[in-house]
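Engineer:
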Amino acid sequence: MGPEERATTPGPGLSGAVASLVRRLTARPAGGPGPTVVGIDGRSGGGKSTLAAALQAAADGEDGGPGPVTVIQGDEFYAGGSAATWDRRTAVERADLVVDWRRQRTVLAQLRTHGTAAWHPFDWDAPDWDSDDVPLAPEPVVARATPVVVLEGAYSCRPELHDLLDLRVLLDVPDDVRRRQLRAREGEEYRVDWEARWSAAEDHYFGAVMPPDRFDLVVGPGRVADG
């Protein structure tokens, strides 16, 4: 877990995924007065934030496209906890508890119903972020619904959110690519610590809870397929 560096240029082979998402969202019939809500899920280091930002840039500039996209970063809903606490938990418990999905539900429901939502994100810059206290930023994030709302981040398509998601997207990237990107972003020591703590949780989630066939769309380098 941790805040990802945001970029707007998709990695090798993902330009087709962005184009496919834009086409799908453009062709999608309106389901009601609220926004179309998309979850972009996938293992850590795969480039979900980059894909979401690239979709945002492409959709906004596409004539006749789906229109502006609001991106909500899943890392802002990290549930907190010290390394020692997480290490005492099983892989199943880690996958269940790592993200405060109840707060995510509230935000998505408010955007659908009222067109606006506010929340206090997890404060990754707080000196006590790696503790059993849960530091939240004092200033709220305020989001307003646009035609498309994207919730991006690992565990963002969990079953508890399915009734609020119109499109569930899995970003499936080879493990060697993910690890290389994670190492470049966070450093080797962080990657090793991350593997020890979180890899099994993601194995459980993407193997038992949300395998590829539970997604509407699976994208990756050079790959676009229905789930």
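All letters in the sequence shown, in the order written, are residues 0 to 226 by the working numbering. Cβ coordinates follow ideal geometry from the N, Cα and C atoms, glycine included. All figures in this text were calculated on a predicted structure; none of them were measured in a lab.
What residues are listed by DSSP as bridge partners for V70?
Structural biologist: V149
Engineer: Cutting at 6 Å between CB atoms, please list the residues of its own chain near E40, excluding the five before and the five after it.
Structural biologist: Checking the sequence shown, residue 40 turns out to be Asp, not Glu. Within the same chain, D40 has close Cβ partners S155, C156 and L169.
Engineer: On the premise that V106 lies in contact with L54, defined as a C-beta separation below 8 Å, what is that separation, rounded to the nearest angstrom?
Structural biologist: With 8 Å as the limit, L54 and V106 do not qualify as a contact, their Cβ atoms being about 19 Å apart.
Engineer: Measure the C-alpha to C-alpha separation of S14 and G219 and round it to an integer number of angstroms.
Structural biologist: 10 Å
Engineer: Could you tell me if G44 is buried or exposed, where buried requires 16 or more neighbouring beta carbons within 10 angstroms of its beta carbon?
Structural biologist: buried
Engineer: Find out if the Cβ-Cβ distance for the pair E159, R104 is shorter than 8 Å.
Structural biologist: yes
Engineer: Bridge partners of T115, per DSSP?
Structural biologist: R143
Engineer: Could you pull the DSSP bridge partners for Y77 from this structure?
Structural biologist: V98
Engineer: Consider the Cβ of G152: report whether some Cβ of chain B lies at a distance smaller than 8 Å.
Structural biologist: Chain labels in this structure do not include chain B; a single protein chain is all it has.
Engineer: Just to confirm my understanding: we take W197, look at its own chain, exclude 5 residues before and 5 after, and list those with CB closer than 6 Å. What are they?
Structural biologist: none
Engineer: Would you please state the rounded distance, in angstroms, between the beta carbons of F205 and R42? I believe it to be under 8 Å.
Structural biologist: 7 Å
Engineer: Expressed to the nearest angstrom, what Euclidean distance is found between the alpha-carbon atoms of P2 and A199?
Structural biologist: Summary for P2: the model assigns pLDDT 46, below 50, so the residue's position carries little reliability; its value from the coordinates is reported in the next sentence. Going from the Cα of P2 to the Cα of A199 covers about 20 Å.
Engineer: With burial defined as no fewer than 16 other Cβ atoms inside 10 Å of the residue's Cβ, what is the status of T7: buried or exposed?
Structural biologist: With a pLDDT of only 43 at T7, under the threshold of 50, the placement of this residue in the model should not be trusted; the figure read from the coordinates follows. T7 comes out exposed.
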